[in-house]
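One structure below.
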Amino acid sequence: MRALIFENGRSRLEERPRPVPAPGEALVRVLLAGICNTDLELLQGYYGFSGVPGHEFVGLVEECPGAPQWVGKRVSADINCGCGTCAQCRGGDPRHCPGRTVLGIVNRPGCFADYLTVPARNLVPVPEGLPLDAAVFCEPLAAALEPGRQLDLHGKSLLVLGDGKLGLLTALGLAQDCPDLVLAGRHAEKLALAGDLRTELLSADEAPARVRERLGRFDVVIEATGNEHGLDLALELVRSEGVVVAKTTSRNPSRLDLARLVVEEITLLGSRCGNQSLAMERLARGLDPRPLITARFPLEEHAQALARAQRPALKVLLTF
Numbered sequence: 001m002r003a004l005i006f007e008n009g010r011s012r013l014e015e016r017p018r019p020v021p022a023p024g025e026a027l028v029r030v031l032l033a034g035i036c037n038t039d040l041e042l043l044q045g046y047y048g049f050s051g052v053p054g055h056e057f058v059g060l061v062e063e064c065p066g067a068p069q070w071v072g073k074r075v076s077a078d079i080n081c082g083c084g085t086c087a088q089c090r091g092g093d094p095r096h097c098p099g100r101t102v103l104g105i106v107n108r109p110g111c112f113a114d115y116l117t118v119p120a121r122n123l124v125p126v127p128e129g130l131p132l133d134a135a136v137f138c139e140p141l142a143a144a145l146e147p148g149r150q151l152d153l154h155g156k157s158l159l160v161l162g163d164g165k166l167g168l169l170t171a172l173g174l175a176q177d178c179p180d181l182v183l184a185g186r187h188a189e190k191l192a193l194a195g196d197l198r199t200e201l202l203s204a205d206e207a208p209a210r211v212r213e214r215l216g217r218f219d220v221v222i223e224a225t226g227n228e229h230g231l232d233l234a235l236e237l238v239r240s241e242g243v244v245v246a247k248t249t250s251r252n253p254s255r256l257d258l259a260r261l262v263v264e265e266i267t268l269l270g271s272r273c274g275n276q277s278l279a280m281e282r283l284a285r286g287l288d289p290r291p292l293i294t295a296r297f298p299l300e301e302h303a304q305a306l307a308r309a310q311r312p313a314l315k316v317l318l319t320f
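Numbering (my numbering), first residue to last: 1 to 320.
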């Protein structure tokens, strides 16, 4: 099979044996995959990564020893693969298993290949009739919806900071619970994709204090800028005793004003992956992320695809 390899800051396509599913695993043929900012960070050395990246996908189950009902089904999958035996896994939280592997990120080959294996318990079925290019957003949409599972957002003033893929998905996904939320970012053309939601255009040289004067302060600020300076601005825009939700992962360290955090008694909440079954349900009910698709490339054109994803872009897809 073809597999895309990241190593020493470069990508290359090579032939590898098709993986054999272990007991309890499924063999999935990849149909469509999305390039995430995390993939771009991995290419540039985040986690010291080398191997097959990719964790946003839809595919077709071809083998599933022990669970033949999955064969022939279109699926996505939870990317966090717990050991199944530790206290976290037994308690129903494999996402935080200390020995977990993570698809395309930590000790498990990802979806930028013709085939992958994943535990059958991680499979998420794609509803009949849902287009593949909508279903491929399941994993990032799940992450976008997670703050709504961690916090009660009803009746709260909410700012989503960042107009990239994650910021847009977060605003679109959480608008059902917070119809008055505000999405702020630096790109008018991206903010336009938020439809009827209230948006605010920020300039790169606008001082955080000036932004606060213009926008006010919010009960909850979700920081999804994708850059290591986003938390500084989030702390300017959250009220005293408010909550900042940190979504950005970056290979560069973020700076944090701990004095402000302490004096204003602000809660800082990390938020990573989410419930993909919930995300798939939202997609099936009509949430349409496809306007976020910037370009599609066949796997053979991986260099062009990665280059396009690193320019101002939203979702770049790899086709198989």
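No residue lacks a Cβ here, since even glycine has one placed at the ideal position from N, Cα and C.
Three-state secondary structure assigned by DSSP to residue i
i: V220; result: strand
i: L318; result: strand
i: C273; result: coil
i: P298; result: strand
i: L159; result: strand
i: V52; result: coil
i: R308; result: helix
i: E228; result: coil
i: E264; result: coil
i: N8; result: coil
i: R74; result: strand
i: P21; result: coil
i: T249; result: coil
i: N107; result: coil
i: L43; result: helix
i: L256; result: coil
i: A33; result: strand
i: I154; result: According to the sequence as given, residue 154 is His; it is not Ile. Three-state result, H154: coil.
i: A135; result: helix
i: A204; result: coil
Residue span of the alpha helix (DSSP H) that contains residue i, given as start and end
i: L172; result: K165 to L174
i: P289; result: It is not in any alpha helix (DSSP H) - P289 carries neither H nor E in the DSSP assignment.
i: P68; result: Per DSSP, P68 belongs to no alpha helix (DSSP H) and is neither H nor E.
i: N139; result: It should be noted that the sequence gives Glu, not Asn, for residue 139. Unbroken alpha helix (DSSP H) run through E139: C138 to Q150.
i: A87; result: A87 to R90
i: R214; result: P208 to L215
i: L193; result: Careful: L193 lies outside any alpha helix (DSSP H) and carries neither H nor E.
For residue i, the first and last residue of its enclosing beta strand (DSSP E)
i: E62; result: E56 to E63
i: E241; result: V238 to A246
i: L123; result: L123 to P125
Residue closest to residue i, alpha-carbon to alpha-carbon, out of the options
i: V52; options: E200, G59, D39 and V61; result: D39
i: T117; options: L153, R90, S76 and A143; result: S76
i: A184; options: A3, F57, E200 and R2; result: E200
i: G99; options: G82, Y115 and E14; result: G82
i: L158; options: C111, G164 and P147; result: P147
i: G242; options: G230, D219 and A143; result: D219
i: E139; options: N122, E128 and Q150; result: N122
i: T294; options: R311, V316, V262 and C273; result: V316
i: P127; options: R308, Q276, L256 and V211; result: Q276
i: A209; options: G195, L235, L43 and G226; result: L235
i: D180; options: K165, D205 and L153; result: L153
i: F320; options: D288, R251, A194 and F112; result: F112
i: T267; options: L197, A259 and E63; result: A259
i: E281; options: A134, E213, L256 and T249; result: A134
i: R272; options: R239, G226 and G72; result: G226
i: T101; options: D78, G91, D114 and A87; result: D78
i: V61; options: V30, G84 and C36; result: V30
i: Q304; options: R290, S11 and L193; result: S11
i: T307; options: I5, C86 and L43; result: Looking at the sequence provided, one finds Ala at residue 307 rather than Thr. The shortest C-alpha separation from A307 is found at L43.
i: N37; options: G155, S250 and E264; result: S250
Sub-9 Å separation of residue i and residue j beta-carbons
i: V59; j: V28; result: Strictly speaking, residue 59 in this sequence is Gly, with Val absent from that position. Closer than 9 Å, so yes.
i: L168; j: K190; result: yes
i: G9; j: G54; result: no
i: A22; j: A67; result: no
i: E318; j: P298; result: For the record, residue 318 in the displayed sequence is Leu; it is not Glu. Yes. Within cutoff.
i: N80; j: R95; result: yes
i: K247; j: E228; result: no
i: L231; j: S254; result: yes
i: L161; j: L283; result: no
i: G34; j: F49; result: no
i: L151; j: V245; result: yes
i: L145; j: L278; result: yes
i: H187; j: P312; result: yes
i: G274; j: A143; result: yes
i: R198; j: P125; result: no
i: L193; j: P65; result: no
i: E300; j: L13; result: yes
Residues sharing a beta bridge with residue i, DSSP
i: A113; result: A3
i: T199; result: L183
i: E15; result: R2
i: G129; result: Its beta-bridge partners do not exist; DSSP assigns none.
i: L27; result: E63 and T117
i: C83; result: In the DSSP output, where bridge partners are listed per residue, C83 has none listed.
i: T101; result: C81
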